[in-house]
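There are 2 protein chains.
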Amino acid sequence: MAREMVRQGGRSARIQEAVHAATQALLDEVGRSEINVPMIAERAGVTPSTVYRRWGDLAQLLADTAAERLRPVADPDDTGSFAGDLRAFVQQYAEEMGSPVGRALMRDVLAETASEHAAARCCAYTIRHLQTLNSRALARGEAGLSVDEAIDILIAPICYRILFANGEPSPDYVNGLLARFAGLNGANPLPSLHHQA
Amino acid sequence: MAREMVRQGGRSARIQEAVHAATQALLDEVGRSEINVPMIAERAGVTPSTVYRRWGDLAQLLADTAAERLRPVADPDDTGSFAGDLRAFVQQYAEEMGSPVGRALMRDVLAETASEHAAARCCAYTIRHLQTLNSRALARGEAGLSVDEAIDILIAPICYRILFANGEPSPDYVNGLLARFAGLNGANPLPSLHHQA
DNA sequence: GGCTTAATGCAACATCTTTGCTTTAAGCAG
DNA sequence: CTGCTTAAAGCAAAGATGTTGCATTAAGCC
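The listed protein sequences derive, respectively, from chains A and B.
If you're matching positions, the first sequence starts at 1 in the working numbering and goes up one per residue.
If you're matching positions, the second sequence starts at 1001 in the working numbering and goes up one per residue.
Set out below in C-alpha cells:
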C-alpha cells in the first residue's frame, strides 16, 4: 500500500486529505445542506468517530475545508501597473466571494465557534496578496498602499455587502470603492490606522 | 390561562415568545456551545418537535433569536450635533458588536444558511439608525450623510475586524474611521455609490 | 355554539454523536 | 532489521438528537 502514500506524513495526513477531498466532492455533488458527518466519513473511507475526534463536529470540518479551499493557488495577476493590479485583484475577489459558492464558503468559515482559526487564515490570505501588490508597486517605483487601509476601504465593504445584504457586489460598486480608495491616497492621505488596541 | 396571554396573537405567538425567552436565558446561563434543541424545548415547555417544525434546526432558531436580540430598543442618542450623534452611535456599535456576546450574536445571525432573513434584518436596523441620524442632521440644518457611504466606511470595517480578525475594535481605530469619513464628506465628496446592480 | 384549519403533543422510529476498548501503524532505539 | 512506545484509527454499544404519522388542541369564522 505504500504506493498510495502520495504524500509523506503518515496515515494521519492521508486521512486528513481523504476527508477534505470527500467533503469538497460532496459539497459539489449533493449541496451544503444535505451533508452530514457519516456521509463524509463513508466517502473518505474512514469511520465517523475518526472525523468527530479530529474535527469535533460538522461546522468545524466545513470551516477547515472552506478555509483550505479559499487558499489562493497563485499570486495575483501582474498587469504592469499598481492601479491595474489592484483593480484586477479586487474585482476578482468580489466576484469569487460574491458568488453563491464563495458566499457559502465564507459563511462556513465564519461559523466555526470553537477556535476561529479559519477566519483568521482567510484574512491572512487577503493580507498576503495585498502585500504582494504593495511590494510589486514599490519595486516599480510606484507609491503602493497601506494594507490596513485597503482592507477597510475595499475588502470590508465587499464582505459586508455579501454577508448582510446577501448579494454579489456589482462591478460598478467595486469601481466606486476603487475610486474612493484612489481619491484617499491621491488627494487626502491619512495616517495609517491601528486596527488592534 | 388567558391571564398569561400578555400578548395577543394566540397560542402560536405565545410559543414563539416562550422559545425565544428560553433560548436567551439558556444562552446566558450555560453558554452557546452547550445548548441544544431538546434543552430549549423543555425550558420553554414545548415538545422538541414543535421547535424543529417551526425553526428547522438549532442554527436557524439561534439566528432568529440573535436577530431579535440585536433589534434596537431605542433611537440613537441625541447629542445635539450630527458629528456627536454619529460618533456616539458608531462607538457604541463597535463596542456592542465587538464584545464576546455581540460577536457570538453576529456569527449566529450569519450562520443561517436557509433564508438569510436574519442578516438582512440586522442590516436594516443599522440602516434605520443611520437614517435617523441623517434626518436629525437635516432638521438642524446640518449636512447629513449618505447611508451607503457610512456603511462602507464606518460599519463594514468594524464588522470585518470583528469577524475576521476576531477582536474588539479599539476606540482609536473607530476614531480613525470617523476621521476618514469626515475627511471624505468635508474635503472630497464622491457621488453616492450604488450597491445593488 | 359548532365547523374548519393550522399548529402542537405524543410516541415510535431513524439517524447522528459519543465513548471505552481494541487494533493498527508510524517513529525510534537497540 | 526487529521489537518497543505511543498517537491515532477502527469497532461496537450506548446515548442523544432529529424525524414523522397520527391524535388532539386551540384559534378564527360563520
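Each residue gets a CB set at the ideal place from its N, CA and C atoms; glycine is no exception.
Quick caveat, the model's predicted, so the values are computed rather than measured.
Of the listed residues the options, nearest to residue i (C-alpha basis)
| i | options | result |
| --- | --- | --- |
| B:Arg1103 | B:Arg1032, B:Val1051, B:Gln1016 and B:Pro1072 | B:Arg1032 |
| B:Ala1094 | B:Arg1107, B:Pro1169 and B:Pro1072 | B:Pro1169 |
| B:Val1019 | B:Glu1034, B:Val1030 and B:Pro1038 | B:Pro1038 |
| B:Leu1062 | B:Pro1157, B:Ile1155, B:Ala1165 and B:Ala1111 | B:Ala1111 |
| A:Asp57 | A:Ala41, A:Leu154, A:Met97 and A:Gly10 | A:Ala41 |
| B:Ser1115 | A:Ala118, A:Asn166 and A:Ile15 | A:Asn166 |
| A:Pro171 | A:Ala143, A:Arg14, A:Gly98 and A:Ile127 | A:Gly98 |
| B:Phe1082 | B:Asn1134, B:Ile1151, B:Ala1124 and B:Ile1153 | B:Asn1134 |
| A:Thr65 | A:Asp28, A:Leu177 and A:Ser49 | A:Asp28 |
| B:Phe1181 | B:Cys1122, B:Asp1152 and B:Pro1048 | B:Asp1152 |
| A:Ala119 | A:Ile127, A:Thr50 and A:Met106 | A:Met106 |
| A:Val73 | A:Tyr125, A:Ile162 and A:Val101 | A:Tyr125 |
| B:Cys1123 | B:Thr1113, B:Asp1148, B:Ala1139 and B:Val1101 | B:Asp1148 |
| B:Thr1079 | B:Glu1034, B:Pro1100 and B:Ala1137 | B:Ala1137 |
| A:Ser12 | A:Gln131, A:Ala44 and A:Arg128 | A:Ala44 |
| A:Val101 | A:Ile15, A:Arg140, A:Arg14 and A:Leu163 | A:Leu163 |
| A:Gln91 | A:Arg14, A:Leu154 and A:Thr132 | A:Leu154 |
| B:Arg1014 | B:Ile1035, B:Val1030, B:Thr1050 and B:His1117 | B:Thr1050 |
| A:Thr113 | B:Ile1035, B:Ala1022, B:Gln1016 and B:Glu1017 | B:Ile1035 |
| B:Tyr1052 | B:Gln1016, B:Arg1121, B:Ala1143 and B:Tyr1160 | B:Gln1016 |
Below-8 Å beta-carbon distance, residue i vs any chain B residue
| i | result |
| --- | --- |
| A:Phe181 | no |
| A:Asn166 | yes |
| A:Glu29 | no |
| A:Leu145 | no |
| A:Arg151 | The identity of residue 151 of chain A in the sequence shown is Ile, whereas the question assumes Arg. For A:Ile151, the answer is yes, since a Cβ of chain B falls inside 8 Å of its Cβ. |
| A:Ile155 | yes |
| A:Ser33 | yes |
| A:Tyr160 | yes |
| A:Leu61 | no |
| A:Leu70 | no |
| A:Arg54 | no |
| A:Asn188 | Unreliable placement is indicated for A:Asn188, whose pLDDT of 42 sits below 50; the coordinate value is still reported in the next sentence. By this cut-off, A:Asn188 is an interface position. |
Any C-beta of chain A under 8 Å from that of residue i
| i | result |
| --- | --- |
| B:Thr1113 | yes |
| B:Glu1116 | yes |
| B:Arg976 | An answer regarding residue 976 of chain B cannot be provided, because it is not within the stretch 1001 to 1197 covered by chain B. |
| B:Ala1021 | no |
| B:Leu1163 | yes |
| B:Ala1120 | yes |
| B:Leu1058 | no |
| B:Leu1110 | yes |
| B:His1194 | Per-residue confidence for B:His1194 stands at a pLDDT of 47, beneath the threshold of 50, marking its modelled position as unreliable; no derived number is given. |
| B:Ala1197 | Low local confidence applies: a pLDDT of 37 at B:Ala1197 is under 50, so the model's placement there is unreliable, and no value is given. |
For residue j and residue i, believed in contact at Cβ under 8 Å, the rounded distance
| i | j | result |
| --- | --- | --- |
| A:Val109 | A:Ala67 | 5 Å |
| B:Asn1175 | B:Leu1145 | So it is not a contact: roughly 17 Å between Cβ atoms. |
| B:Ala1088 | B:Asp1075 | Incorrect: roughly 12 Å between the Cβ atoms, too far for contact. |
| B:Arg1054 | B:Gln1024 | The pair is not a contact, with the Cβ atoms about 17 Å apart (cut-off 8 Å). |
| A:Leu178 | A:Leu86 | 7 Å |
| B:Leu1130 | B:Ala1150 | 5 Å |
| A:Tyr160 | B:Tyr1160 | 7 Å |
Cβ-heavy atom distance, residue i to the ligand PLP, below 7 Å
| i | result |
| --- | --- |
| A:Leu133 | Absence of the ligand PLP from the depicted structure is noted, as is the absence of any ligand whatsoever, leaving it without description. |
Against chain A: residues of the segment 1124-1144 of chain B by CB proximity under 7 Å: none
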